[in-house]
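Visitor: In my numbering, the protein residues as written are 1393 to 1737.
(1) Let me make sure I understand the geometry here. Which of 1448, 1471 and 1702 has the alpha-carbon closest to that of residue 1639?
(2) Note down, in chain order, each residue of its chain lying with its Cβ closer than 8 Å to the Cβ of residue 1471, except the 5 sequence neighbours on either side.
(3) Less than 7 Å between C-beta atoms, sequence neighbours within five positions excluded: which residues of the same chain meet that for residue 1630?
(4) Relative to the C-alpha of residue 1497, which candidate in 1437, 1553 and 1512 has its C-alpha closest?
(5) Who are the near neighbours of residue 1563 in its chain, counting only those whose CB is closer than 8 Å to its CB and skipping five residues on each side?
(6) Take the Cβ of residue 1649 as the centre, count every other Cβ of all protein chains shown within 10 Å, and call the residue buried at 16 or more, exposed below.
(7) Quick one, which of 1571, 1683 and 1528 has its alpha-carbon nearest residue 1728's?
(8) Inspect the beta-carbon positions of residue 1720 and residue 1559 and report whether they are closer than 8 Å.
(9) Go ahead and pull the three-state DSSP assignment for residue 1442.
(10) Assuming residue 1506 is part of the alpha helix (DSSP H), what are its boundary residues?
(11) Do you know whose CA, among 1642, 1543, 1526 and 1503, lies nearest residue 1517's CA?
(12) Should residue 1731 be labelled buried (16 or more other beta-carbon atoms within 10 Å of its own) or exposed?
(13) Where residue 1404 and residue 1429 are concerned, what is the direct C-alpha to C-alpha distance, given to the nearest angstrom?
(14) Just to confirm, are residue 1573 and residue 1519 a CB contact at a threshold of 8 Å?
(15) Please return the same chain residues whose Cβ sits closer than 7 Å to the Cβ of residue 1443, not counting the five positions on each side in sequence.
(16) Would you mind sorting residue 1693 into buried or exposed? The rule is 16 or more other CB atoms within 10 Å of its CB.
(17) Note the first and the last residue of the continuous alpha helix (DSSP H) segment covering residue 1475.
(18) Can the beta-carbon of residue 1473 be found less than 8 Å from the beta-carbon of residue 1594?
(19) DSSP on residue 1585, reduced to helix/strand/coil?
(20) Nearest CA to the CA of residue 1586: which residue from 1614, 1605, 1611 and 1530?
(21) Spatial neighbours of residue 1394 within its chain, please: CB distance less than 6 Å, with the 5 preceding and 5 following residues excluded, ordered by chain position.
(22) I need the straight-line Cα distance from residue 1514 to residue 1461, nearest angstrom please.
(23) Whose CA, out of 1651, 1565, 1735 and 1645, lies closest to the CA of residue 1677?
(24) Reducing DSSP to helix, strand and coil, say where residue 1554 ends up.
(25) With DSSP run on the structure shown, which of helix, strand or coil describes residue 1676?
(26) Which word fits residue 1477, buried or exposed, when buried means at least 16 other C-beta atoms lie within 10 angstroms of its C-beta?
(27) Tell me, please, which residues DSSP counts as bridged to residue 1824.
(28) Is residue 1592 near residue 1522, with beta carbons less than 8 Å apart?
(29) Among residues of its own chain, excluding the 5 on either side of residue 1511, which ones have a beta-carbon nearer than 6 Å to its beta-carbon?
(30) Is the beta carbon of residue 1647 sitting closer than 8 Å to the one on residue 1716?
(31) Report the three-state DSSP secondary structure of residue 1660 (helix, strand or coil).
(32) What would DSSP say about residue 1465, mapped onto helix, strand or coil?
(33) Take residue 1656 as the anchor and find which of 1645, 1714 and 1689 has the nearest alpha-carbon.
(34) Give me the Cα-Cα distance between residue 1446 and residue 1439, rounded to the nearest whole angstrom.
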């Protein structure tokens, strides 16, 4: 039978051991909480930095610098193709890289920048298609350029694929094919590629642009809800309006997609102003083109609010989507004027 001293020693030892375990677990919990807070802070700051939209770049200076660096001849069409390459390359080389298909923090938490990326990618796809289908062909019965024929489907690859293959892999392959076309176009000895700066070629691409801008304007305006009538009904039928409203969680996505399209399109139009300058001058359409660019650049002014506001009508809060829709609609109106001038004989 244990004496009282031995019993007291065992009780004291057990209590001391338990106290040490509690203190140890407490400090371990605090250390883990501190590490978690530090991780969230770092990823939050990194996500904020990755969400900053890239700055605009001077398209003509960029194209000339590229031609000098690669020792290529600066020919007609070089500015348009090089601008397409630079805009598409920005998706892959900007801070954080291409974020739409990210599966890890902070990329997986972000939605504004992926929406911006999709807007840019939409305009890249449209210009790549027009380049293959119209600008690089003398007429509808001519043979399409082999590099452009392969580049276009690369840019139309799934924008959310993360492996086998990843979206970035396909887009970089498209950039390489564009560079191959550009090298053949600028070959001073025997150019095996062509670029036709004609009014009909330009008008074909501008038709796609007008469709994109019209759709964007409608989607942005739907932030507060719109009643739309069915235009397919015959005159005797009663019109029944349908209220179309963008879901609250999608409003910022539509807004940043519009900013992405406006950013890419402003660069493309400045490149068009260089390569199609003679055509625009003959049609007295240069001012109309510059007006479109001005509206698109105004749509990219910095957003000082921490979030996209969705006020209604003349309420106390702004509606950023309606402000964006105003610039897009005005650009689309100027675009229609430009197309009319290009269509005139």
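Glycine included, each C-beta is placed from N, C-alpha and C at the ideal position.
Guide: Concretely, from the data shown:
(1) Counted from its first residue, the chain shown places residue 1639 at position 247. For residue 1639, the nearest C-alpha among the options comes from 1702.
(2) Residue numbering aside, residue 1471 sits at position 79 when the chain shown is read from its first letter. Within the same chain, residue 1471 has close Cβ partners 1451, 1452, 1455, 1663, 1666 and 1667.
(3) The residue given as residue 1630 occupies position 238 in the chain shown. Confidence is the limiting factor: at residue 1630 the pLDDT is only 49, short of 50, which leaves the residue's position unreliable, though a coordinate-based value still follows. Same-chain partners within the cutoff: there are none.
(4) For this step, residue 1497 is matched to residue 105 along the chain shown. Comparing Cα-Cα distances from residue 1497 to each of 1437, 1553 and 1512, the minimum goes to 1437.
(5) The count along the chain shown starts at 1 and reaches residue 1563 at position 171. Around residue 1563: 1480, 1483, 1484, 1490, 1546, 1547 and 1549.
(6) Here the question's residue 1649 lines up with position 257 in the chain shown. Around the beta carbon of residue 1649, 16 or more other beta carbons lie within 10 angstroms, which makes this residue buried.
(7) Taking the first residue of the chain shown as position 1, residue 1728 is located at position 336. Among 1571, 1683 and 1528, the Cα nearest to that of residue 1728 is on 1683.
(8) Translated into positions along the chain shown, residue 1720 becomes position 328. Translated into positions along the chain shown, residue 1559 becomes position 167. The answer is no: Cβ separation not under 8 Å.
(9) Residue 1442 sits at position 50 when you count from the first residue of the chain shown. Three-state result, residue 1442: helix.
(10) Residue mapping note: residue 1506 aligns to position 114 of the chain shown, counting from 1. Element bounds for residue 1506: 1504-1522.
(11) Translated into positions along the chain shown, residue 1517 becomes position 125. Closest option to residue 1517, Cα to Cα, is 1543.
(12) As a working mapping, residue 1731 is identified with position 339 in the chain shown. Result: buried.
(13) Locating residue 1404 in the chain shown gives position 12, where the first residue counts as 1. Locating residue 1429 in the chain shown gives position 37, where the first residue counts as 1. Any reading at residue 1404 is ruled out, since the residue's pLDDT is 49, under 50, leaving its predicted position unreliable.
(14) Mapped onto the chain shown, residue 1573 falls at position 181. Mapped onto the chain shown, residue 1519 falls at position 127. No, they are not a contact pair.
(15) Within the chain shown, numbered from 1, the residue matching residue 1443 stands at position 51. If we look at residue 1443 and ignore the five residues flanking it on each side, its Cβ neighbours are 1502, 1504 and 1505.
(16) Working through the chain shown from its first residue, we reach residue 1693 at position 301. By the 10 Å Cβ count, residue 1693 comes out exposed.
(17) One-based indexing of the chain shown puts residue 1475 at position 83. Run containing residue 1475: 1470-1485, per the alpha helix (DSSP H) assignment.
(18) In the chain shown, counting from the first residue as 1, residue 1473 sits at position 81. In the chain shown, counting from the first residue as 1, residue 1594 sits at position 202. Their beta carbons are not under 8 Å apart, which means residue 1473 does not touch residue 1594 by this criterion.
(19) Here residue 1585 is taken as the residue at index 193 of the chain shown, counted from 1. Correct three-state label for residue 1585: coil.
(20) Here residue 1586 refers to the residue found at position 194 of the chain shown. Among 1614, 1605, 1611 and 1530, the Cα nearest to that of residue 1586 belongs to 1530.
(21) Here residue 1394 refers to the residue found at position 2 when the chain shown is read from its first residue. Only weak support is given to the placement of residue 1394: the predicted model assigns it a pLDDT of 47, under 50, and the question is left unresolved by the model.
(22) Locating residue 1514 in the chain shown gives position 122, where the first residue counts as 1. Locating residue 1461 in the chain shown gives position 69, where the first residue counts as 1. When rounded, the distance between both Cα atoms is 29 Å.
(23) Residue numbering aside, residue 1677 sits at position 285 when the chain shown is read from its first letter. The residue with the shortest Cα to Cα distance from residue 1677 is 1735.
(24) Counted from its first residue, the chain shown places residue 1554 at position 162. Residue 1554: strand per DSSP, three-state reduction.
(25) For the purposes of this step, residue 1676 is taken as residue 284 along the chain shown, with counting starting at 1. Three-state result, residue 1676: coil.
(26) Reading the chain shown from its first residue, position 85 is the one you call residue 1477. Label assigned to residue 1477: buried.
(27) The question about residue 1824 has no answer here: the residues shown for the chain are numbered 1393 through 1737.
(28) Counting from one through the chain shown, the residue named residue 1592 turns up at place 200. Counting from one through the chain shown, the residue named residue 1522 turns up at place 130. No.
(29) Taking the chain shown and counting its residues from 1, the one referred to as residue 1511 is at position 119. The residues are 1649, 1652 and 1653.
(30) Position 255 of the chain shown, counted from the start, is the residue given in the question as residue 1647. Position 324 of the chain shown, counted from the start, is the residue given in the question as residue 1716. It is a contact, given that the beta carbons lie within the stated cut-off.
(31) Taking the first residue of the chain shown as position 1, residue 1660 is located at position 268. Note: residue 1660 maps to helix in three-state DSSP.
(32) For the purposes of this step, residue 1465 is taken as residue 73 along the chain shown, with counting starting at 1. Residue 1465 falls in the coil class under three-state DSSP.
(33) Counting from 1 along the chain shown, the entry for residue 1656 is found at position 264. If you compare the alpha carbons of 1645, 1714 and 1689 with that of residue 1656, the shortest gap goes to 1689.
(34) Residue numbering aside, residue 1446 sits at position 54 when the chain shown is read from its first letter. Residue numbering aside, residue 1439 sits at position 47 when the chain shown is read from its first letter. Going by the C-alpha atoms only, they are around 14 Å apart.
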